[in-house]
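Down below is the structure, laid out as structure tokens.
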Amino acid sequence: MSKITAAITAVGGYVPDFVLSNKVLESMVDTNDEWITTRTGIKERRILKDEGKGTSYLAIKAAENLINRSGVDPKEIDLVVVATATPDLLVASTAVYVASQIGATNAFAYDLQAACSSFLYAMSTASAYIESGRYKKVLIIGADKMSSIIDYTDRATCIIFGDGAGAALFEPNEEGYGLQDEYLRSDGAGREFLKIEAGGSLLPPSEDTVKNKQHFVHQDGRTVFKFAVSNMADVAEKIMMRNNLTHDDVSWLIPHQANLRIIDATAGRMNLEDSKVLKNIQRYGNTTSATLPLLLSDFESKFKKGDKLIFAAFGGGFTWGSTYLTWAYNS
Ligand code: UT7
Numbered sequence: 150m151s152k153i154t155a156a157i158t159a160v161g162g163y164v165p166d167f168v169l170s171n172k173v174l175e176s177m178v179d180t181n182d183e184w185i186t187t188r189t190g191i192k193e194r195r196i197l198k199d200e201g202k203g204t205s206y207l208a209i210k211a212a213e214n215l216i217n218r219s220g221v222d223p224k225e226i227d228l229v230v231v232a233t234a235t236p237d238l239l240v241a242s243t244a245v246y247v248a249s250q251i252g253a254t255n256a257f258a259y260d261l262q263a264a265c266s267s268f269l270y271a272m273s274t275a276s277a278y279i280e281s282g283r284y285k286k287v288l289i290i291g292a293d294k295m296s297s298i299i300d301y302t303d304r305a306t307c308i309i310f311g312d313g314a315g316a317a318l319f320e321p322n323e324e325g326y327g328l329q330d331e332y333l334r335s336d337g338a339g340r341e342f343l344k345i346e347a348g349g350s351l352l353p354p355s356e357d358t359v360k361n362k363q364h365f366v367h368q369d370g371r372t373v374f375k376f377a378v379s380n381m382a383d384v385a386e387k388i389m390m391r392n393n394l395t396h397d398d399v400s401w402l403i404p405h406q407a408n409l410r411i412i413d414a415t416a417g418r419m420n421l422e423d424s425k426v427l428k429n430i431q432r433y434g435n436t437t438s439a440t441l442p443l444l445l446s447d448f449e450s451k452f453k454k455g456d457k458l459i460f461a462a463f464g465g466g467f468t469w470g471s472t473y474l475t476w477a478y479n480s
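Numbering (my numbering), first residue to last: 150 to 480.
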């Protein structure tokens with residue numbers, strides 16, 4: 150019997166309508182379009198403005214888009230994982246609500262949090278369940294309402310992040326397509342450099358934490374940048390070497406969209422031409438858990454059966470990694 154591999158069989162995505170451009174940010178903080186464009190590559194990002202809508206709204210929209218595009222019956226889904234750093238609620242998993250809302254009534258569901266690497270880790274989870282034969286349809290959704298944790302008076306963070314969601318369905322494949330290899334890492338020394346200080350068990354919410362803006366994301370951008378550049382490039386290069394892939398073999402790089410300079414550095418180490426490097430950072434900014442599946446959703450029509458995709462991500466924690474996956478279908 151041939152080994153079962155775990156392949157992506159459908160994708161979906163969603164971004165909210167409201168566009169926050171660099172021009173508008175110029176009127177909110179001391180910044181300018183030229184600085185943001187040259188330092189990050191971002192031109193605009195999408196924001197979920199509607200009151201009373203959280204990350205689940207984005208996740209449901211992305212999942213519904215996948216269901217409409219593929220025709221999959223939600224009742225056949227075994228597991229729903231929502232990868233997110235911005236759950237609707239701290240207790241009561243966002244994924245459970247999402248699963249119910251999309252009609253995945255026979256599934257169990259939970260959230261997974263590894264900051265910007267969440268989707269990469271969720272791919273690992275989905276694949277392990279499929280390869281073991283335990284489940285047949287695993288839906289993973291990367292979704293973040295970053296605007297809910299951003300201080301729009303802090304120019305170091307508010308120019309970077311946006312809201313969005315993307316989804317991928319994993320199923321067994323007997324032709325050998327799907328996830329081939331992964332190289333996932335983490336290092337707790339990184340938690341000082343990118344975090345939300347308050348609201349968790351370490352520092353529960355109080356009047357002081359609100360006053361001191363400790364419920365917003367803070368990052369030491371320069372330090373995170375240094376670690377991101379070297380680690381994302383390292384793992385991408387390692388996974389190519391371990392699988393005897395040259396830059397000619399690689400069809401597409403699917404990199405986390407945090408900063409165009411980090412993406413370029415990773416592609417440079419892989420010796421990959423720019424036309425193989427997928428990007429939508431200019432339109433969406435950094436949507437944290439959603440960057441990788443939004444790329445899959447936006448560029449699905451370009452992928453051909455057998456294409457070799459290298460994913461790479463780096464995020465808070467620190468967490469980072471690279472995954473090698475072969476595409477299983479022609480759309
Ligand atoms: O996805 C999760 C992981 N996160 C990341 O990967 C983010 C990694 N970090 C970055 O992408 C970059 O560090 C940033 C985009 C956040 C910042 O770019 P940078 O080139 O590292 O800038 P910097 O922080 O070193 O700041 C350079 C200068 C400073 O001025 P001085 O000290 O040189 O006078 C900043 O005060 O730019 C100034 N600056 C700004 N100027 C205009 C910082 N933010 C802004 C701004 N507009 N928004």
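Every residue gets a Cβ at the ideal spot worked out from N, C-alpha and C, and that includes glycine.
Any non-hydrogen atom of the ligand UT7 within 7 Å of residue i CB
i, result
"residue 363", "no"
"residue 371", "yes"
"residue 255", "no"
"residue 465", "yes"
"residue 368", "yes"
"residue 308", "yes"
"residue 189", "yes"
"residue 380", "no"
"residue 415", "no"
"residue 443", "no"
"residue 469", "no"
"residue 197", "no"
"residue 408", "yes"
"residue 405", "yes"
"residue 343", "yes"
"residue 305", "yes"
"residue 377", "yes"
"residue 180", "yes"
"residue 374", "yes"
"residue 411", "yes"
"residue 184", "yes"
"residue 435", "yes"
Straight-line gap, residue i to residue j (C-alpha atoms, nearest Å)
i, j, result
"residue 225", "residue 292", "22 Å"
"residue 447", "residue 469", "23 Å"
"residue 174", "residue 180", "7 Å"
"residue 318", "residue 391", "26 Å"
"residue 343", "residue 204", "20 Å"
"residue 218", "residue 452", "15 Å"
"residue 464", "residue 196", "21 Å"
"residue 200", "residue 326", "42 Å"
"residue 367", "residue 435", "15 Å"
"residue 466", "residue 370", "14 Å"
"residue 357", "residue 265", "28 Å"
"residue 198", "residue 286", "33 Å"
"residue 427", "residue 403", "6 Å"
"residue 258", "residue 295", "22 Å"
"residue 170", "residue 191", "9 Å"
"residue 380", "residue 424", "23 Å"
"residue 236", "residue 386", "33 Å"
"residue 202", "residue 189", "28 Å"
"residue 410", "residue 324", "37 Å"
"residue 186", "residue 374", "16 Å"
"residue 449", "residue 220", "16 Å"
"residue 415", "residue 430", "15 Å"
"residue 183", "residue 166", "24 Å"
"residue 284", "residue 152", "15 Å"
"residue 479", "residue 457", "13 Å"
"residue 329", "residue 172", "43 Å"
Cβ-Cβ separation, residue j to residue i (assumed contact under 8 Å), whole Å
i, j, result
"residue 455", "residue 472", "Actually they are not in contact, since the Cβ atoms of residue 455 and residue 472 sit about 17 Å apart, beyond 8 Å."
"residue 275", "residue 230", "7 Å"
"residue 232", "residue 281", "20 Å between Cβ atoms; not a contact."
"residue 244", "residue 227", "13 Å between Cβ atoms; not a contact."
"residue 388", "residue 279", "About 20 Å separates the two Cβ atoms, so there is no contact after all."
"residue 477", "residue 157", "6 Å"
"residue 159", "residue 215", "5 Å"
"residue 208", "residue 162", "That belief does not hold up - the Cβ atoms of residue 208 and residue 162 are roughly 11 Å apart, past 8 Å."
"residue 331", "residue 273", "6 Å"
"residue 439", "residue 313", "4 Å"
"residue 289", "residue 316", "7 Å"
"residue 333", "residue 269", "7 Å"
"residue 376", "residue 339", "7 Å"
I'd like to know if the stretch 334-349 and the stretch 302-310 are in contact, where contact means that at least 3 CB-CB pairs between them fall below 8 Å.
no
Is it true that the stretch 410-422 meets the stretch 393-400, where meeting means three or more beta-carbon pairs spaced less than 8 Å apart?
yes
Under 8 Å, with one C-beta from each stretch per pair, do the stretch 351-367 and the stretch 235-254 reach the 3-pair mark?
no
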